[in-house]
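Q: Right, I'll just put the structure down here and ask away after.
Number of protein chains: 2
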Amino acid sequence: MSLIVQKYGGSSVQDAESIKRVARRIVETKQAGNQVVVVVSAMGDTTDELLDLASDIADTPPLREMDILLSSGERMSMALLAMAIYELGETAQSFTGSQAGMITDAIHGKARIIEVSPKRVQEAVDTGHVGIVAGFQGMSRESKDITTMGRGGSDTTAVALAAALNADACEIYTDVDGIFTADPRVVKSARKIDTITSEDMLEMAAAGSKVLHLRSVEYARRFGVKLHVRSSFSSKEGTWVIPDESQTVTIKEGEPLEQPIISGVAHDDSEGKLTITGVPDVPGKAAEIFNHIAQAGINIDMIVQDISLETQTTNISFTLPGAEGERAQRILYEHKDAIAFKELHFVPQVGKVSLIGGGMRTHPGVSARFFTALRDAGINIGLISTSEIRVSVITDVELLDKAVKAIHTAFGLDADVEAQVYAGTGR
Amino acid sequence: MSLIVQKYGGSSVQDAESIKRVARRIVETKQAGNQVVVVVSAMGDTTDELLDLASDIADTPPLREMDILLSSGERMSMALLAMAIYELGETAQSFTGSQAGMITDAIHGKARIIEVSPKRVQEAVDTGHVGIVAGFQGMSRESKDITTMGRGGSDTTAVALAAALNADACEIYTDVDGIFTADPRVVKSARKIDTITSEDMLEMAAAGSKVLHLRSVEYARRFGVKLHVRSSFSSKEGTWVIPDESQTVTIKEGEPLEQPIISGVAHDDSEGKLTITGVPDVPGKAAEIFNHIAQAGINIDMIVQDISLETQTTNISFTLPGAEGERAQRILYEHKDAIAFKELHFVPQVGKVSLIGGGMRTHPGVSARFFTALRDAGINIGLISTSEIRVSVITDVELLDKAVKAIHTAFGLDADVEAQVYAGTGR
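Here the protein sequences line up with chains A and B, keeping their order.
For the first sequence, our numbering gives the first residue as 43, with consecutive numbering after it.
For the second sequence, our numbering gives the first residue as 43, with consecutive numbering after it.
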């Protein structure tokens, strides 16, 4: 008998009607002969409402109490979902993160999972119940306190449970049909991807794709969990995210799908770009600069350095979350004399477009085709950053959508053209 | 250092403003040199809203899940209260019923406390925190599931904690100034009682007084906990409910208060009266009748039987919750032939007025004065029921308020007259 983990987000359970609809789906899955474990988020806007209540009371609420407050949202939805399942003639048992064996570290608000011991959940499904687990929460091993896991917490709960229970699949239900070759709101001709490797999905998520959180994809990759991202509003197949290229997923009878070379195009407009000019070209300057930035807890994305042979100075540019720009500049100015740079230039918002595909490793010519497509579309290229399976550029944010479309077309992603077409062009 | 347990009900914490007000009170109590443990109910109407959500989804929701749903209310309010205390410069730690060591039986929806092990709460106050505990909930020893305690649950949590922590006092905060000699909405001249024994309070609660739940008073009596029932809107002294007559509470300097003979007058209009006529006067008939009623889970209050010497039959009358009247009649009709009664008469709503006072034991003449007062006020007396410390009668519900006032006046409760005045009249 298969064991399937299903995760439903807040918009899927926003009111009584939605909860009943999700319950019907769960019961169908069970009656098709599967053991079913469900991870559920808080209803609709509950988490935001709780945050509002807290901010009415305190400017900086203590994190331990914040976690207790926020975790009550998932408890409500899990209990109501269990009740809806009973109404349909099946039985269900709901479990808090703690009862489901989600053991975390002690960092309130963004706890990491240390261990998963879902004994009670396993017993529940083995005795014929649907097992329901509150997403986004766990228990600190150290203090026995309730913890919440931060962004992507419910997805991560689902993946972690799927790994620990050795599930046959982990279905992530959302309000879109799956992962697309580009954001369908930007590229109308974007196609739904049938399968994608975890590795490519990781890059897509890091590069701006918002459907799946980076963290849960990484967890799935590490523990070999197959993810199926699909719509909670239809029964269409979604996108399979598979941990390993050598694994294939049979979707149509007898016809395994192999991995296309290119998975898709991602974009991100949340970053700014900071350029430090006239940095003396002596060892240790980059380390000094990025230590200051890191100590302030600011994450850096792309870094580029060029040297001016005439002046023996370098210019260092890097991208960071746009909202952190002010703070980063302040920190660098505080240490201006020590670093001895000339000037700072900050662009609050830049556009980043990325092409992702595991196949890049073995298929030369991808970067060339990428830059050519951008040139032909009149897109200026700022910073460039590449990895084995990704090539990204920074450009003006006003040109971002145009860049995404140009790349999508150049790689044959929007026509009904097979992936093999672009194989073999020289790198 | 004193340890004080304070309990705040739903109306005391109904919104952000109320929560902040309660937090100020808690902090004042702590800064006056006490260790403070707070038991809190869900905010305002939260519990009702959760019940509504559940009924939108299921007709008869499973009880285990219902407890999970309902218990989230107290978790929200305890976390918000902790945050408000932090804002005032003190520290607090909140605990679920389970974390606070409230161990119960497995009866969801009306769990009884088996054991209280408040180790973490004690540690919290010993290290200078305010300890906050979610009222109304615990954990089943057997199944490790969350349980809720039914009516009076939060009061009972507070009393149980006070007993286990050996608290110096257990303050029950409510929206009235304390326990009154009669319901102040019926008797304008009712006085606030300064002290009352648990024993008298038990009878008052059983006889209709709604301020304190029977269950928490019994727990306080059994474990020797002193209760202080007071208003959350003022700092006036309320009513002390003391476990033992021999204990006294010093309220004014150097002036211990002794127990007045009469505590007060209670009334109840929630009962109906069922009369079974022509029951054969043979042994076992009463047992047969009340076994049927008991098996249906219906609680009986007062029972009266009279015998007709001519017809060798008896009439049995009893009072029960008005809402159970239909069901009780149905059950008796089902067994009509076996019981062999003649007819059933049901009055859906009767009035019950009770005079309560431990001093009745040692002061004769109370019943006589009671009946005289009712006669003088033109109140007809139906059933009579007495105990050592209580005398109750059933009358027409339309005459109930008049009866309450008449008794209150007859026993000198509304004038500024000392209790001693009515001692010594023959019983």
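Idealized CB from N, CA, C, for every residue including glycine.
With a threshold of 8 Å between beta carbons, is B:L95 in contact with chain A?
A: Here residue 95 of chain B corresponds to residue number 53 of the second sequence, with the count starting at 1. Yes, B:L95 counts as interfacial toward chain A.
Q: Going along chain A in order, which residues have a C-beta closer than 8 Å to the C-beta of B:D98?
A: On the second sequence, position 56 is the one that residue 98 of chain B refers to. Those are A58, listed as they occur along chain A.
Q: Are the C-beta of B:M118 and some C-beta of chain A separated by less than 8 Å?
A: Locating residue 118 of chain B in the second sequence gives position 76, counting from the first residue. Yes - at least one Cβ of chain A is within 8 Å of the one on B:M118.
Q: Output the residue ranges of the beta strand (DSSP E) runs that lie fully inside the region 47-134 of chain B and measure 3 residues or longer, sorted by chain position.
A: Qualifying beta strand (DSSP E) stretches, in chain order: 77-82.
Q: Which one of B:I349, B:V229, B:M144 has the shortest CA to CA distance from B:A205?
A: For this step, residue 205 of chain B is matched to residue 163 along the second sequence. Selected option, being the one with the closest Cα: B:M144.
Q: Measuring CA to CA, which of A:F265, A:I340, A:K252, A:T198 is closest to A:V218?
A: If you number the first sequence from 1, residue 218 of chain A lands on position 176. The shortest Cα separation from A:V218 among A:F265, A:I340, A:K252, A:T198 belongs to A:K252.
Q: Establish whether the CB of A:S136 and some CB of chain B are separated by less than 8 Å.
A: Stepping through the first sequence from its first residue, residue 136 of chain A is reached at position 94. At least one chain B Cβ lies under 8 Å of A:S136.
Q: Along the chain, where does the alpha helix (DSSP H) that runs through B:P333 open and close?
A: Counting from one through the second sequence, the residue named residue 333 of chain B turns up at place 291. The sequence given here places Asn at residue 333 of chain B; Pro does not occur at that position. First-last of the alpha helix (DSSP H) with B:N333: 327-337.
Q: Three or more C-beta pairs closer than 8 Å, one from the region 213-228 of chain B and one from the region 43-59 of chain B: is that the case here?
A: Judged by Cβ distances under 8 Å, the region 213-228 of chain B makes contact with the region 43-59 of chain B, as three or more pairs qualify.
Q: Taking the straight line between their C-alpha atoms, what separation do you get for B:T223 and B:A445?
A: On the second sequence, position 181 is the one that residue 223 of chain B refers to. On the second sequence, position 403 is the one that residue 445 of chain B refers to. So the two alpha carbons sit approximately 14 Å from each other.
Q: For A:H387, write down the residues that DSSP places opposite it in a beta bridge.
A: Counting from one through the first sequence, the residue named residue 387 of chain A turns up at place 345. Partner(s): A:T317.
Q: Between the alpha carbons of B:T451 and B:I335, how many angstroms are there, rounded?
A: By one-based count along the second sequence, residue 451 of chain B stands at place 409. By one-based count along the second sequence, residue 335 of chain B stands at place 293. Computed Cα separation, rounded: 38 Å.
Q: Check for me: the alpha helix (DSSP H) holding A:G195 runs from which residue to which?
A: Working through the first sequence from its first residue, we reach residue 195 of chain A at position 153. Run containing A:G195: 195-206, per the alpha helix (DSSP H) assignment.
Q: Which residues of chain B have a Cβ atom closer than 7 Å to the Cβ of A:L111, listed in chain order?
A: Position 69 of the first sequence, counting from 1, holds the residue named residue 111 of chain A. Correct list: M118, A121, L122.
Q: Looking at the secondary structure, which residues open and close the alpha helix (DSSP H) in which B:L256 lies?
A: Here residue 256 of chain B corresponds to residue number 214 of the second sequence, with the count starting at 1. Unbroken alpha helix (DSSP H) run through B:L256: 256-265.
Q: Closer than 7 Å by beta-carbon distance: list the chain A residues that pair up with B:A200, in chain order.
A: Within the second sequence, numbered from 1, the residue matching residue 200 of chain B stands at position 158. By Cβ distance, chain A contributes nothing, its closest Cβ being about 20 Å from B:A200, past 7 Å.
Q: Whole angstroms are fine: how far does the CA of A:G367 sit from the CA of A:M125?
A: One-based indexing of the first sequence puts residue 125 of chain A at position 83. One-based indexing of the first sequence puts residue 367 of chain A at position 325. Looking at the two C-alpha atoms, the distance is approximately 48 Å.
Q: Please report the straight-line C-alpha distance between B:G51 and B:R63, rounded to a whole angstrom.
A: In the second sequence, counting from the first residue as 1, residue 51 of chain B sits at position 9. In the second sequence, counting from the first residue as 1, residue 63 of chain B sits at position 21. Roughly 13 Å between the two C-alpha positions.
Q: Can you list, in chain order, the residues of its chain with a C-beta nearer than 7 Å to that of A:L105? Leave out the 5 residues immediately preceding and following it.
A: Start at 1 with the first residue of the first sequence, and residue 105 of chain A comes out as number 63. H150, G151.
Q: Please list the terminal residues of the continuous alpha helix (DSSP H) segment that includes A:M402.
A: Residue 402 of chain A sits at position 360 when you count from the first residue of the first sequence. Run containing A:M402: none; DSSP gives neither H nor E here.
Q: Are B:Y261 and A:A100 touching if we call contact CB-CB under 8 Å?
A: To locate residue 261 of chain B, count along the second sequence from 1; it is residue 219. To locate residue 100 of chain A, count along the first sequence from 1; it is residue 58. Their beta carbons are not under 8 Å apart, which means B:Y261 does not touch A:A100 by this criterion.
Q: When the cut-off is 8 Å and only beta carbons count, does B:S114 lie next to chain A?
A: Taking the second sequence and counting its residues from 1, the one referred to as residue 114 of chain B is at position 72. Cβ-Cβ to chain A under 8 Å: yes for B:S114.
Q: Would B:E129 count as contacting chain A if we go by Cβ distances under 8 Å?
A: The residue given as residue 129 of chain B occupies position 87 in the second sequence. Answer yes: the Cβ-Cβ gap between B:E129 and chain A drops below 8 Å somewhere.
Q: Mind checking the region 53-81 of chain B against chain A and listing, in chain order, the residues whose C-beta falls within less than 7 Å of any C-beta there?
A: From the region 53-81 of chain B, only A58, I61, K62 have a Cβ closer than 7 Å to chain A.
Q: Taking only beta-carbon positions, decide if A:I423 is within less than 8 Å of chain C.
A: No chain C appears in the structure shown, which is made up of the protein chains A and B.
Q: Once DSSP output is grouped into helix, strand and coil, what is the label at A:I342?
A: On the first sequence, position 300 is the one that residue 342 of chain A refers to. Three-state result, A:I342: coil.
Q: Kindly list the residues whose CB is nearer than 7 Å to the CB of A:R469, restricted to its own chain and excluding five residues on each side of it in sequence; keep chain order.
A: The residue given as residue 469 of chain A occupies position 427 in the first sequence. Its pLDDT being 29, under 50, A:R469 is placed unreliably in this model, and the value from its coordinates should be taken loosely. Contacts found: P406, G407, V408, S409, A410.
Q: In three-state terms, what does DSSP make of A:Q141?
A: As a working note, residue 141 of chain A is residue 99 in the first sequence. Coil at A:Q141, not helix or strand.
Q: Take the Cβ of B:I188 as the centre, count every other Cβ of all protein chains shown within 10 Å, and call the residue buried at 16 or more, exposed below.
A: As a first step, residue 188 of chain B must be located in the second sequence, where it is residue number 146. It counts as buried.
Q: Flag A:H334 as yes when its Cβ comes closer than 7 Å to any non-hydrogen atom of the ligand GDP, and as no otherwise.
A: Judged by which ligands are present, the structure shown has none, so any question about the ligand GDP falls away.
Q: Is B:M125 close to chain A, meaning its C-beta is less than 8 Å from at least one C-beta of that chain?
A: On the second sequence, position 83 is the one that residue 125 of chain B refers to. Judged by the 8 Å Cβ criterion, B:M125 is in contact with chain A.
Q: Pick helix, strand or coil for B:L442, following the three-state DSSP scheme.
A: The sequence position of residue 442 of chain B within the second sequence is 400, counting from 1. Helix, per DSSP.
Q: Just to make sure I have the definition right: I need the residues of chain A whose C-beta is within less than 9 Å of the C-beta of B:P103. Which are they?
A: Counting from 1 along the second sequence, the entry for residue 103 of chain B is found at position 61. Correct list: A121, L122, A124, M125, Y128, E129.
Q: When the Cα of B:V435 is compared with those of B:Q56, B:G280, B:K394, B:I221, which residue comes out closest?
A: Taking the first residue of the second sequence as 1, we reach residue 435 of chain B at position 393. The option with the nearest alpha carbon to B:V435 is B:K394.
Q: From which residue to which residue does the beta strand (DSSP E) around B:S273 run?
A: Numbered from its first residue, the second sequence carries residue 273 of chain B at position 231. From DSSP, the beta strand (DSSP E) with B:S273 extends over 269-273.
Q: Please determine, among A:V259, A:G220, A:I155, the residue with the shortest C-alpha to C-alpha distance to A:K278.
A: Your numbering for residue 278 of chain A matches position 236 in the first sequence. Nearest C-alpha to A:K278: A:G220.
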